[in-house]
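> If you read the sequences in order, they're chains A and B.
In terms of full-length UniProt numbering, the first sequence opens at residue 1 and continues consecutively.
In terms of full-length UniProt numbering, the second sequence opens at residue 1 and continues consecutively.
2 protein chains.
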Amino acid sequence: MDVPAVPAKVDPDALTAVLDGRWAALRRDVRVRMAAASFRETVGLDVEAHRAQVLDQLRKLATTDLPGLGFDPAYGGGGDVGGSVTSFEMLGFGDLSLMVKAGVQWGLFGGAVQLLGTARHHERYLRRIKDLELLGCFAMTERGHGSDVQHLRTTATYDAATGEFVVHSPDADAAKEYIGNAARDGELAVVFAQLVTGGESRGVHAFLVPIRVGGTTAPGVSIEDCGVKAGLNGVDNGRLRFDHVRVPREALLNRFGDVAPDGTYSSPIESDGRRFFTMLGTLIRGRVSVAGSAGNAAKRALALAVRYGDTRRQFAKPDGEEVAILDYLGHQRKLLPALAASYALHFAQEELVSKLHDIPADAPDEEQRELESRAAGLKAVATWHATSTIQTAREACGGAGYLAENMLPALKADTDVFTTFEGDNTVLLQLVAKGLLTSYKEFFADLSPLATARFVAEQLVDAVLERSVTRKVLERLTESADAEVLFDRDWQLRMFEDREEHVLDGVAQRLRRAGSDPFDAFNSAQDHVLRAGRVHVDHLVLQAFVSALSRCPDADARALLERVCDLYALSTLEADRAWFLEHGRLTAARAKALTAAVNSLCLALRPHARTLVDAFAVPEQFLAAPMLS
Amino acid sequence: MDVPAVPAKVDPDALTAVLDGRWAALRRDVRVRMAAASFRETVGLDVEAHRAQVLDQLRKLATTDLPGLGFDPAYGGGGDVGGSVTSFEMLGFGDLSLMVKAGVQWGLFGGAVQLLGTARHHERYLRRIKDLELLGCFAMTERGHGSDVQHLRTTATYDAATGEFVVHSPDADAAKEYIGNAARDGELAVVFAQLVTGGESRGVHAFLVPIRVGGTTAPGVSIEDCGVKAGLNGVDNGRLRFDHVRVPREALLNRFGDVAPDGTYSSPIESDGRRFFTMLGTLIRGRVSVAGSAGNAAKRALALAVRYGDTRRQFAKPDGEEVAILDYLGHQRKLLPALAASYALHFAQEELVSKLHDIPADAPDEEQRELESRAAGLKAVATWHATSTIQTAREACGGAGYLAENMLPALKADTDVFTTFEGDNTVLLQLVAKGLLTSYKEFFADLSPLATARFVAEQLVDAVLERSVTRKVLERLTESADAEVLFDRDWQLRMFEDREEHVLDGVAQRLRRAGSDPFDAFNSAQDHVLRAGRVHVDHLVLQAFVSALSRCPDADARALLERVCDLYALSTLEADRAWFLEHGRLTAARAKALTAAVNSLCLALRPHARTLVDAFAVPEQFLAAPMLS
């Protein structure tokens, strides 16, 4: 199949300029800093040496203005939310333990103090947190409750007699689990607990609880080391249990709920549930940073694998010349669609960070929810992408990819938990789908004949539309050759959009049709619910890529990016072509043409593969693998 | 969708009996031995401690009769090839470093001496290898040539003047790479090198070269440690280089090729290529053992994840009861099709081991090639299955799955290279496809008008057949409800068989149609070639499962296995339903029915999930994860 023309040569710097985008200067700055020898690799370090090295690196970071970017300027911060997230992302090129430890200290711990606390907490702590005089933890997850944090079981009971909260873990399942900074370095923890006052539970709130004083575990606290993990062993994760630990009333981070000295509870948000989700909503920066750094880890893996595939030769052609393994279609198929997806996700991430940066503090609820949903969805898709891409990159480097010196093992092991932490991906996709279903909400709440009739009517219209859409697609096929349609950006976008709408409608219908047991109703449609979340994110990602194309001034770079965008769009459609076939959106012939188009794009982009990974501008020391020498 | 009845309760022992099959007594025996404390876990061991522990365990194994099972009874062996492979497989339940180290010592090193050597080597070495008095290496892979071993570049040049071979690595790319037992323990290596005598190269042969003498590196040999790896750190992989190392003429393992004192070369097999592949063919036991132990590692991961999903609860139903995560359809979808595939692959593996055991030494070439192809294909499919299943199991256990104490991290890291070693999976699938294409061979060799005409005629017949097959499938749809067809074993088998035939025909057509450049012709069809290999293996696997069903005397166990077989068949078809839709083998409605059937099977099998993993009878100490307590 003919692919639209690809320029002969493209300057990687022109691509880097588009990729670096709004925070380009900051990205360049972090790259230079990361080239310092102190950000050296971790091969062969044991757990304690690795932890010590990461803490050292953290202290070096603390002397820069990076940690403060996200904090209030009143306390020495930069007030630059987007820059702050971008700087965490950039750490994703290096040792991910450092990224995570920095994220725990400044993003989660510092972020919670800033965003859930009030002036009294800011004045007392923010500067010390920024400067690393005070190391802290973000103690939310419990052994028994991870995804379902609303039901965690640690309690903080107000004792009006002494003006204190009593923080308590009733049993082993209520112990805080996987808490970063807990096993070794943390002194103060933001502890999430059910606030009880006047005998009444007010839902989950955050409390500042000292866990170490002068290096010694605080009384009533017990700390256990989580021990060796699959990766991220430079981060000291631990378990925390509280045995009636008393903290002053002021330890409550009281922006969204407060307790008066006499025990009276007050909050600007009445509903416990809504208050809790508002609190969680303020903490999305961590989720966004995880998505971005997963993306950068995947880029690094691709850069390693593409460079290897470009030089590694195996099997001779009949003329005796040995073939570079990236010249094999099968190898291109492994790496190039993943590379295209890395570009797409990069642009989607940048758009998300921009939105996060620009959203006003008093933005309407709906806008806030949309942002949270986007962060959740992109985190799920970006981290799954990282997991599968790094796995593929490891395999694409064969035995060399298995040696620690070639860096892929640490990338794989470190990022493996990204699909779990900051929200389990499956749960996050469900969240996205639920948000999308709010437009159907009235319908679920109201089983009146009127609502039912309206729904049926809407479905009927949709069914008619579907038939006509199908017919249109089929007509289009006879009108124009596949090559023209497949490379038509509007057609691609329409395919993504139509799928999103149709899947969502299908979910609504299924939930409607289901029996009276609400769990069974949800559960029997769960695969469709997850799919609805997923295809929504895919659509956002393609839109972000398309919008980035228009921001590329260099004509050759743009022409190349157009084809990368094609590869992202078509390989995504190809992977899900069963759905399009099942729903009359693709004919069998066109589905086969999709596969042919992806193959042709792989062949056309292969000469640019090195340029495309070089454009990520991964600091060279993180690509200095012996297999490439 | 209605699923055929599943019994209320099934005895796991009845399932174990079917699974244990022909070598049941041996499997029970190994399970008991592995329960010994000396096979303890590896969490927190550094590389040197881990290596030492594995060597200790190896010495303990050497005192049993297991290592000798595969050797010639004349030298104290058991002459039980199937039992030998099965015992390696069983080690896959425990620390995989031990499995690999045992495989290197007794399977690869000992196997090469036995199968490529002759009486003089057997007498001198076999007993010492078996008893671990002599530790050795299998030095085939080079830095520059891994998959393409026919072109490796180490040379062994015969010097008639002294009656010696001079073994030499001409440059860094010719260094032996990733060699197990090389970095620390090995004394003697089977070195694969191009045999040169009388100025003429005779292709790759194997030579016995001492690499350590009395603990000191032998003169002319240089040994480098491969260092830390992603996993398998209990195995001491190293790099070997030879600088004109002289070994006596008798160091040549001379079963398939010999050099007389005067330098005259002789061989029972004339063609260098055929001789080399015959030599490689004798070494398939290693590949078979890797497939089996990967399968057992995947079973262990599933046992861990299913037990966790059975007890871990998250999110409450409206009635307040928290839901076990394995009750969620999404969670079942992650684990249960993988569990069904584990059953299917187990039976295919057992069939393979039986064939390997039973094949006569003088079996016709064709039968030998079929066995090699089966071993290659099953190794590829089983190890990819292990990689993805263990990844899924890790994610299904959330944060707990990331802690080393819960065993999944080591399973993941250790098995990751299984897709690469003993033959890169992609290369192996190509090998399978090439074997299948031999029936088209005459056609490729012969471009005469006659051959072309015959091919065109055959294709025409096929096209007519395809249309009629399609029509039949469609007719069947109107005749019988989906539920009836989908659960019809014959229909399932026909779908697998038809796909295999059609894909293979398509590959032949593509290769035929392609232009004159043989590399381009192959390369542009590579994705179809790989698919041909894959779907062939899928078909073998389903056939093996079906044949195992008939060996199950317990009616309830059999009824349950029938549904597990359905889940394997239907989830495999579902995963590839795009192909069936594109090729007129499924209508859109039936494709959707497939998905519904897989969902129904997940719900129906969910109550038996624990029974199904218990039936694997993984020794309990390898399931003693704290997350399950």
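For every residue, glycine included, the Cβ atom is placed at its ideal position computed from N, Cα and C.
Can you give the Cα-Cα distance for aspartate 236/A and alanine 36/A, rounded to whole angstroms?
Cα-Cα distance, rounded: 24 Å.
> For threonine 154/A, count neighbouring C-beta atoms within 10 Å of its own C-beta (all shown protein chains included) and say buried if the count is 16 or more, exposed if not.
buried
> Using the beta-carbon count (16 or more within 10 Å), is aspartate 576/B buried or exposed?
Per the 10 Å Cβ criterion, buried.
> What did DSSP end up calling leucine 450/A once you bin it into helix, strand or coil?
Because the pLDDT of leucine 450/A is 47, which lies under 50, any placement of that residue in the model is unreliable, and the question is left without a value.
> In whole angstroms, give me the CA-to-CA distance for threonine 42/B and alanine 49/B.
9 Å
> DSSP three-state label for phenylalanine 444/B, please.
For phenylalanine 444/B, the predicted structure reports a pLDDT of 48, less than 50, and the residue's modelled location is therefore unreliable. A value from the coordinates is still provided. Helix.
> Any C-beta of chain A sitting closer than 9 Å to the C-beta of glutamine 621/B?
no
> So if I threshold CB-CB distances at 7 Å, which residues from the segment 95-123 of chain A count as touching chain B?
none
> Grab the span of the alpha helix (DSSP H) containing proline 73/B for me, first residue to last.
No alpha helix (DSSP H) contains proline 73/B, which DSSP labels as neither H nor E.
> When DSSP labels each residue in this structure, what does aspartate 2/A get in the three-state scheme?
coil
> Among Ala569/B, Leu570/B and Leu549/B, whose alpha-carbon lies nearest the alpha-carbon of leucine 560/B?
Leu549/B
> Do the segment 315-327 of chain A and the segment 592-600 of chain A make contact, defined as three or more Cβ pairs closer than 8 Å?
no
> Does the distance from the CB of glycine 533/A to the CB of glutamine 621/A come in under 9 Å?
no
> Only counting the same chain, and skipping five residues up and downstream in sequence, which positions put a Cβ closer than 6 Å to that of glutamate 350/B?
Gly21
> Among Val618/A, Asp556/A and Leu567/A, which has the Cα closest to the Cα of valine 6/A?
Asp556/A
> Is the CB of aspartate 365/A under 9 Å away from at least one CB in chain B?
no
> Closer than 8 Å is the cut-off here; do at least three beta carbon pairs connect the segment 96-106 of chain A with the segment 204-214 of chain A?
no
> Looking only at DSSP bridge pairs, what is serine 147/A linked to?
None; serine 147/A has no bridge partner.
> Among Gly377/A, Asp225/A, Leu628/A and Phe276/A, which one has its Cα closest to the Cα of methionine 140/A?
Phe276/A
> Quick check: is the beta carbon of glycine 273/B nearer than 9 Å to any beta carbon in chain A?
No, glycine 273/B does not count as interfacial toward chain A.
> Taking CB distances under 9 Å as the criterion, tell me whether glycine 238/A reaches chain B.
no
> Count the other CB atoms, across all protein chains shown, that sit within 10 Å of the CB of alanine 453/A; report buried if there are 16 or more and exposed otherwise.
Confidence is the limiting factor: at alanine 453/A the pLDDT is only 48, short of 50, which leaves the residue's position unreliable and the question unanswerable from this model.
> Along the chain, where does the alpha helix (DSSP H) that runs through cysteine 397/A open and close?
Run containing cysteine 397/A: none; DSSP gives neither H nor E here.
> Between the segment 261-268 of chain B and the segment 382-392 of chain B, are three or more C-beta pairs nearer than 8 Å?
No: fewer than three Cβ pairs fall under 8 Å.
> Does DSSP classify residue 675/B as helix, strand or coil?
The structure shown does not extend to residue 675/B, since chain B is modelled only from 1 through 629, so no value can be given for it.
> Which residues in chain B have a C-beta closer than 7 Å to the C-beta of glutamate 224/A? List them in chain order.
Residues of chain B passing the Cβ test: none, with the nearest at roughly 11 Å.
> How would you write the range of the beta strand (DSSP E) that alanine 193/A sits in, first residue to last?
188-197
> Select from Asn233/B, Ile223/B, Gly292/B and Met99/B the residue whose C-alpha is nearest the C-alpha of glycine 82/B.
Taking only the C-alpha atoms, the option nearest glycine 82/B is Gly292/B.
> If you count every other CB in all the chains shown that lies within 10 Å of the CB of aspartate 80/B, and 16 or more means buried, which is it?
buried
> Where alanine 615/A and glutamate 562/A are concerned, what is the direct C-alpha to C-alpha distance, given to the nearest angstrom?
15 Å
> Verify the CB distance criterion: does leucine 542/A have a CB-CB separation below 9 Å to chain B?
Using beta-carbon distances, leucine 542/A does not count as an interface residue toward chain B, since no partner is under 9 Å.
> Buried or exposed for glycine 117/A, going by 16 or more other Cβ atoms inside 10 Å?
buried
> Determine which residues of the segment 198-215 of chain B have a Cβ less than 7 Å from any Cβ of chain A, and write them out in chain order.
Using a CB distance below 7 Å, no part of the segment 198-215 of chain B faces chain A.
> Using a Cβ-Cβ distance under 9 Å, would histidine 145/A count as near chain B?
yes
> Could you work out which residues of chain B lie near glycine 227/A, taking near to mean beta carbons separated by less than 9 Å?
Val43, Gly44, Leu403, Ala404 and Glu405
> Please report how far the alpha carbon of glutamate 501/A lies from the alpha carbon of glutamine 543/A, in whole angstroms.
15 Å
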